[in-house]
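To start, the structure itself, in C-alpha cells.
Protein chains: 2
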Amino acid sequence: MAEHIAPGGFSCPVPQPPGDRVLLSHGGGGRHMQHLLKEVFFKHFDHPLLAERGDSAVFPSMTDGSLAMTTDSYVIKPLFFPGGDIGSLAVHGTVNDLAVCGARPRYLSAGFIIEEGFPMADLVRIVDSMRHAADEVGAAIVTGDTKVVDRGSGDGLFVNVTGIGEVVVDPAPAPSHIRPGDRVLLSGDLGRHGIAVMAVREGLSFDTELCSDSGPIWPTVEAMLREGIRPHCMRDLTRGGLGAALAELAETTGLDIELDEAGLPVCEAVEGACEVLGLDPMFIANEGRFVAFVAPDQVADALAVMAEAHGDAAVIGEVHEGAGRVRIVQATGLARMLLVPTGTQLPRIC
Amino acid sequence: MAEHIAPGGFSCPVPQPPGDRVLLSHGGGGRHMQHLLKEVFFKHFDHPLLAERGDSAVFPSMTDGSLAMTTDSYVIKPLFFPGGDIGSLAVHGTVNDLAVCGARPRYLSAGFIIEEGFPMADLVRIVDSMRHAADEVGAAIVTGDTKVVDRGSGDGLFVNVTGIGEVVVDPAPAPSHIRPGDRVLLSGDLGRHGIAVMAVREGLSFDTELCSDSGPIWPTVEAMLREGIRPHCMRDLTRGGLGAALAELAETTGLDIELDEAGLPVCEAVEGACEVLGLDPMFIANEGRFVAFVAPDQVADALAVMAEAHGDAAVIGEVHEGAGRVRIVQATGLARMLLVPTGTQLPRIC
Chain C
0 MAEHIAPGGF SCPVPQPPGD RVLLSHGGGG RHMQHLLKEV FFKHFDHPLL
50 AERGDSAVFP SMTDGSLAMT TDSYVIKPLF FPGGDIGSLA VHGTVNDLAV
100 CGARPRYLSA GFIIEEGFPM ADLVRIVDSM RHAADEVGAA IVTGDTKVVD
150 RGSGDGLFVN VTGIGEVVVD PAPAPSHIRP GDRVLLSGDL GRHGIAVMAV
200 REGLSFDTEL CSDSGPIWPT VEAMLREGIR PHCMRDLTRG GLGAALAELA
250 ETTGLDIELD EAGLPVCEAV EGACEVLGLD PMFIANEGRF VAFVAPDQVA
300 DALAVMAEAH GDAAVIGEVH EGAGRVRIVQ ATGLARMLLV PTGTQLPRIC
Chain F
0 MAEHIAPGGF SCPVPQPPGD RVLLSHGGGG RHMQHLLKEV FFKHFDHPLL
50 AERGDSAVFP SMTDGSLAMT TDSYVIKPLF FPGGDIGSLA VHGTVNDLAV
100 CGARPRYLSA GFIIEEGFPM ADLVRIVDSM RHAADEVGAA IVTGDTKVVD
150 RGSGDGLFVN VTGIGEVVVD PAPAPSHIRP GDRVLLSGDL GRHGIAVMAV
200 REGLSFDTEL CSDSGPIWPT VEAMLREGIR PHCMRDLTRG GLGAALAELA
250 ETTGLDIELD EAGLPVCEAV EGACEVLGLD PMFIANEGRF VAFVAPDQVA
300 DALAVMAEAH GDAAVIGEVH EGAGRVRIVQ ATGLARMLLV PTGTQLPRIC
C-alpha cells in the first residue's frame, strides 16, 4: 500500500502492512509501531485485554490464596529447531516454572527485542507459535512490549515471557519441603532439547530426527495433583540439566541426593551424540522434563501419572540426611560425587 | 581467588567472586551462574522470596479486586545518563505503566540479557539502582533471570522488568472512560529524558546540565486518588512522547482532543536542543510524566496535587466529540491537526 511521506518523516494516516522486514521505526512509538502491534501482536495473540490498549492489562484477582510469578528471557540460537521455536520455547519455559510451584499458568506477558532487518514472516510464525503454546495450558498473553535495536546490536530476536499463576496446592511445593526418604522421580528421558538444538547449529545428523522435548509440563503436574499426589518439591530441568538442578537443591536443603546412574533414561540418539561430542546427558538442557520429590507412599501413584505422559518416566534417586551433595551410584555399584561444571556445555540453548 | 579446574571444565566447589567481566559461563546454569546470582542479584535485590530459590516467587494474593500486569524491555543507549541508568529507568518505566492504571506497584521481575565481557561493576551499579527505584515506590523485585550472549550478539545489557500491581480504584482508569468535556492535565515539562539521553550520545552540551525526568509517578497518582480525584484515564508519556500518546487515545476513543500549544511546558534547554536538532518536543520521550483526563469539577484539585510534585504541571487541553483526531491550537489562534511520525525521532531512548 502506498505511503505518503511528507518532509520530516510525517505522513498521512494511511493504513499500511508492516512490511517484509522489521525496521527501527517499528519500535519508535509512532504509526509504524501501531501497525506492527495491530497486524502482528494483537491479531495473533487476540485477547480482549490487549485490544483495550491500556498501559497494563487489568484483570480480576484469580485467587484468594497464593500467586506465583516467574520470568525468563530467551536467546536461543537458532530460532527454529526440530520440535519448536523461540516462541513455543519461551512459553513452555515460563509456564513450566509456574507448574513446578504448583501454579496453574494464567497470565503471560511477552517482551520482544528485535534486531532491525528481522524477517516479518519469522516474527509472525513465532508469535503464532507462542499463542498456540499458551492456549495449550489455558494461559493468555495479555500484555507485551516491542523494542527494535539497530543492526548488529542484537541477534535476530530475544523474547522475554513473564508469567503469573494461581497456586492450586497448599503449601506450594518448595525446596524447603524436601525430606530424607523422599524419592526423586523424573518425568521422561534426558537431553533431547540441548542435543536437538546443538545438532541444527553444528549441522549434525542422526539416523532418526531428534526432536526437542520442549513442551508444557502443567498437564502432568495437574493430573498428579488431581490424583491427590502432593510432591514436596518439583523442578524443571533447563539450563545445566538434571545435574545442576539436583546439585542446587542438595546445596539449598543440606540433604544428600543419591542417584542411580543406570536408571537415568537417555535415548539412543542423545547417548550417541553425547559420546561423540564428549558431553554428559546429566548436564544437557531439557525443556519439557521435571523432577518431583515424593514421599515413599505416593511414589507408585506419581510414577503411574508421569508414565502416562511419557513412557520413560522413572524413579531415579532418593534423599538422605547428609551434607548437601549429590552422590551418583554407577552401574558397577561404585559411587562418585556429582561435580557441577563452572559454566555450560552448550551455550544459548534457551 | 584460585580456581582448580579439572579436565572437562569441572572444578572443585571453591567459592569465587564473579570476576571483573561477565562471561558466557555466568549464564550457563553451572557454578559460575550460581555465584553471579548470589553475589550480585540476591545480594542487592535482597528479598526473602529470591532467597528461597524457587522456580517462581510465590506470595499471597494481594487483593480480591483487580490486578494489573505490564512488561517492558529496555535497550537504552548509553546505559548511564544524567538522572539515571538503564536500571532505574527499567523500574520507573514499568511501575509507571501500573500507576496510570490506578495500580499500586507490588511485585517486579527482572530479566537480564548481558553481552559477554560486560563490566561486572556496571552490572552491580545497575542492579543497585533497580533496587533503589523499586524501594522508592514500595515494590519488590522477587524473581529474575540472567542470560549471557556471546560478544557481538547483544549490546552490553538489555533489561526486562515486568510488574504486577494492585488496582486501588474501581473502575481502573482506562481509555474507554474518557468523556467529552474532560480536561487533559500534564504532570510536568516535556522532553527532558529524550534530550538528556541524546545529548550524552551525541556529545552535546548545555549551559546547565539537563537531567532526564526518569522517575516514579506513583506518589503523585496515589496522592490524587487519596484526595478523591478519579481520573477517567491516565497515560505515561514514553516512546513517541505526548503526541503519540494523545493520538493513540484519540483514535481509540473516536473523540477529538484539542491542545493548547502555548500551554505546553518545555524548559529552555529542551526547547533550544529541539530547535538546533529539528525535533518536536511533542514527540520526545519522557519517563516521569503523565497525562490525566479529568472531569471539569476535579480539575482544580487534580492540578493542585500535580503541581505539588512538579511546578510545571498544567491543563493543556480538552476532549470534544469528534473523529478521533488531535487538534493543536497554536499561539496565533490557528489550529492544525497533529500528524504522528511513522517512526521515531530518537531511537533507543528506553
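The listed protein sequences derive, respectively, from chains C and F.
Just so you know, we're using numbering that gives the first Met the number 0 here: the first sequence kicks off at 0 and counts up by one.
Just so you know, we're using numbering that gives the first Met the number 0 here: the second sequence kicks off at 0 and counts up by one.
From the three backbone atoms N, C-alpha and C, an ideal C-beta is built for every residue, glycine too.
Shown here for F/E260: same chain residues with a beta carbon closer than 8 Å to its own, the five before and five after excluded, namely I327, V328, Q329 and A330 in chain order.
Looking at the DSSP output, C/I315 bridges to nothing. In terms of CA proximity to C/G239, C/Q344 leads the group C/E165, C/A249, C/Q344 and C/P174. The beta carbons of F/V136 and F/P215 sit closer together than 8 Å. When DSSP states are grouped into helix, strand and coil, F/A173 belongs to the coil group.
Contact with chain C is found for F/A171, since one of that chain's Cβ atoms lies less than 8 Å from the residue's Cβ. Assignment of C/V123 by DSSP, reduced to helix, strand and coil, places it in the helix class. Secondary structure at F/F41: helix, using DSSP grouped into helix, strand and coil. The DSSP-derived three-state label of C/T207 is coil.
Secondary structure of C/P215 (DSSP, three-state): coil. F/C349 has its alpha-carbon roughly 5 Å from the corresponding atom of F/I75. Counting only the Cα atoms, C/T62 lies some 38 Å from C/L263. Looking at F/L88, F/M336, F/Y73 and F/H25, the one whose alpha-carbon comes closest to that of F/R324 is F/M336. Contiguous alpha helix (DSSP H) elements confined to the region 79 to 121 of chain F occur at 85 to 98, taking only those with 4 or more residues.
Using a CB distance below 9 Å, no part of the region 194 to 218 of chain C faces chain F. Scanning its chain for C-beta atoms nearer than 6 Å, with the 5 sequence neighbours on each side dropped, one finds around F/E320 the residues P179, in chain order.
Among the residues of the region 267 to 289 of chain F, those with a Cβ less than 9 Å away from any Cβ of chain C are G277, D279, F282 and A284, in the order of the chain. Taking the CA atoms as reference points, F/A120 sits about 13 Å from F/L156. When C-alpha distances from F/F80 are compared across F/A198, F/S152 and F/E165, the shortest belongs to F/A198. Under a criterion of Cβ atoms nearer than 8 Å, no residue of chain C is adjacent to F/L35; the nearest Cβ is some 11 Å distant. For C/C232, the enclosing beta strand (DSSP E) starts and ends at C232 to D235. Closest by C-alpha distance to F/L254, out of F/I315, F/E221 and F/D181, is F/D181. In this structure, the straight-line span from the alpha carbon of C/H34 to that of C/A56 is close to 20 Å. Under the three-state reduction of DSSP, C/I327 is assigned to strand. Cβ-Cβ distances below 7 Å link F/S211 to F80, P81, G82, G83, R191, H192, A195, V196 and E286 in the same chain, with the five nearest sequence neighbours on each side left out; the list follows chain order. When only Cα atoms are considered, F/A291 and F/L184 end up about 5 Å apart. Assignment of C/D149 by DSSP, reduced to helix, strand and coil, places it in the coil class. For F/E38 and F/V126, the gap between their C-alpha atoms comes out near 11 Å.
Here C/L88 has Y73, I75, S213, E286 and C349 as same chain residues with Cβ atoms under 7 Å from its own Cβ, once five neighbours each way along the sequence are excluded.
Chain C places a beta carbon closer than 8 Å to that of F/I112, counting this residue as a contact. By the neighbour-count definition (other C-beta atoms within 10 Å, threshold 16), C/T207 is an exposed residue. Within a 10 Å sphere around the beta-carbon of C/S186 sit 16 or more other beta-carbons, which makes this residue buried.
Of the candidates F/F282, F/R30, F/P59 and F/R200, F/F282 places its Cα closest to the Cα of C/G28. Taking CB atoms only, C/D45 has no neighbour in chain F less than 8 Å away. Rounded to whole angstroms, C/M32 and F/R234 show a C-alpha spacing of 17 Å. For C/L66, the uninterrupted beta strand (DSSP E) run begins and ends at S65 to Y73, by DSSP.
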